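Asker: I have a structure I would like to understand better, so I am pasting it below and will then ask my questions one at a time.
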């Protein structure tokens, strides 16, 4: 009954979903391409041996990259299909994997679209990255006998409360999962309480993400040419730039603030705050105080160029963005109060001395500026971040072992 009501609600919302695709396509044309795939209509050929990974957007695309490569190595007789939801995610998948995988849109979660998707591809195993729990999709996979693994799974206390309110809808979906690879014991406990059956703590795939050394080298060279300290506002969300920039002290004539918004669609709005932008100049002029990082897929460049990084999404009640990339690059990290989507990584980074979590934007700027002028502290925090990432590698192999087990069980069954 609850899934029927959910499906009816989706049907009512569909015209608005299509209008939103068209609207977002003004700044991101990818949203207007292959719209048929959103309804389960695919034009590519089928394969009898196919592994399916769903990575909703850029963060999941990069988090799952090492797992996808490991799957291709471990199962050379299988093709890999990766689905996504956002245009930036699709571009990130192309950049990371090129032509080595198939890429498609995940269909809307309606029974017909899901059925067409599963009938067309007939994957031997499905892997959903992080918290992609779609009731009709999971029901369709169960109907066709496709085992599904929820990989790198996280479930914050806030998200768990939301899922609990719709327990009659979400509990059967979670129960249908073949297995869950949780990031932490806390995530695992919440997922079990919500109905997931087989839950194992496998760690965070993001710790296994490889740095693009070419981009990092480019970033270090860019920073050396500047000859100025660089404060990075990384993956910022709406309203955060103004709050952080307004907390800065009067300009000292040296500091360069580099702002990299989380979403491409906000580049033009944030450009009004900046004196220069990466797509239009090789390097900012000496008098520039704010430089806009208006490129996608270059966080390794920006972190390598930075002296200190403030992580966006944490100064509004949005749960934060990935801080592990900054730690891996050896950049001191300053976090706002809202990091519930990365609670375990935040705890580990703060305890290791790689990050500082503060109450608001003003305190964040104060801490960042103090680290900038304290070379010993900056060096120590950077080393702590690298050591933290090295110590927590290994989630990819644990997930791969579970995938192997699920495939073997299906072959036997």
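Numbering (our numbering), first residue to last: 36 to 448. We put the beta carbon where it would ideally sit given N, CA and C, even for glycine. Quantities reported herein were computed from a predicted structural model and do not represent experimental measurements.
Can you have a look at residue 296 and say buried or exposed, based on whether 16 or more other CB atoms are within 10 angstroms of its CB?
Answerer: Counting Cβ neighbours within 10 Å, residue 296 comes out buried, since at least 16 surround it.
Asker: In the DSSP output, which residue or residues are listed as bridge partners for residue 114?
Answerer: Answer by DSSP bridge pairing, in chain order: 85.
Asker: Return the CA-CA distance between residue 186 and residue 433, expressed in angstroms with no decimal places.
Answerer: The straight-line gap from Cα to Cα measures roughly 10 Å.
Asker: What's the call for residue 293, buried or exposed, on a 16-neighbour Cβ count within 10 Å?
Answerer: It counts as buried.
Asker: Starting from the Cα of residue 126, find the closest Cα among 150, 350, 94 and give me that residue.
Answerer: The option with the nearest alpha carbon to residue 126 is 94.
Asker: By a C-beta neighbour count over all protein chains shown, 10 Å radius and 16 as the cutoff for buried, is residue 19 buried or exposed?
Answerer: Because the chain is modelled from 36 through 448, residue 19 falls outside the range shown and cannot be assessed.
Asker: Shortest alpha-carbon distance to residue 387 belongs to which of 427, 373, 396?
Answerer: Out of 427, 373, 396, 427 has the C-alpha closest to the C-alpha of residue 387.
Asker: Please classify residue 135: is it buried, with 16 or more other beta-carbons within 10 angstroms of its beta-carbon, or exposed?
Answerer: Exposed, because fewer than 16 other Cβ atoms sit within 10 Å of the Cβ of residue 135.
Asker: Is the segment 76-92 touching the segment 161-174 in the sense that three or more CB pairs, one from each, lie closer than 8 Å?
Answerer: At 8 Å Cβ cutoff, the stretches touch.
Asker: Does the structure place the segment 304-318 close enough to the segment 232-249 that three or more beta carbon pairs sit under 8 Å?
Answerer: No, because fewer than three Cβ pairs between the segment 232-249 and the segment 304-318 fall closer than 8 Å, the two stretches do not touch.
Asker: By the three-class DSSP mapping on this structure, what secondary structure does residue 311 have?
Answerer: Strand, per DSSP.
Asker: I'd like to know whether the C-beta atoms of residue 156 and residue 254 end up nearer to each other than 8 Å.
Answerer: No; because the gap between Cβ atoms is not below 8 Å, this pair is not in contact.
Asker: Could you tell me the distance, in whole angstroms, from the CA atom of residue 160 to the CA atom of residue 114?
Answerer: Approximately 11 Å, taken between the alpha carbons.
Asker: Exposed or buried, which one is residue 413 when buried takes at least 16 other CB atoms within 10 Å?
Answerer: With 16 or more other Cβ atoms within 10 Å, it is buried.
Asker: Does residue 351 come out as helix, strand or coil in the three-state DSSP assignment?
Answerer: Residue 351: coil per DSSP, three-state reduction.
Asker: With which residues is residue 392 paired in a DSSP beta bridge?
Answerer: Answer is 370.
Asker: Compute the distance between the beta-carbons of residue 342 and residue 364, then report whether it is under 8 Å.
Answerer: No, the Cβ-Cβ distance between residue 342 and residue 364 is not below 8 Å.
Asker: Among the residues of its own chain, which have a CB less than 6 Å from the CB of residue 84, if the five just before and after it don't count?
Answerer: Contacts found: 112, 113.
Asker: Taking C-beta to C-beta, are residue 269 and residue 394 nearer than 8 Å?
Answerer: For residue 269 and residue 394, no; Cβs fall outside 8 Å.
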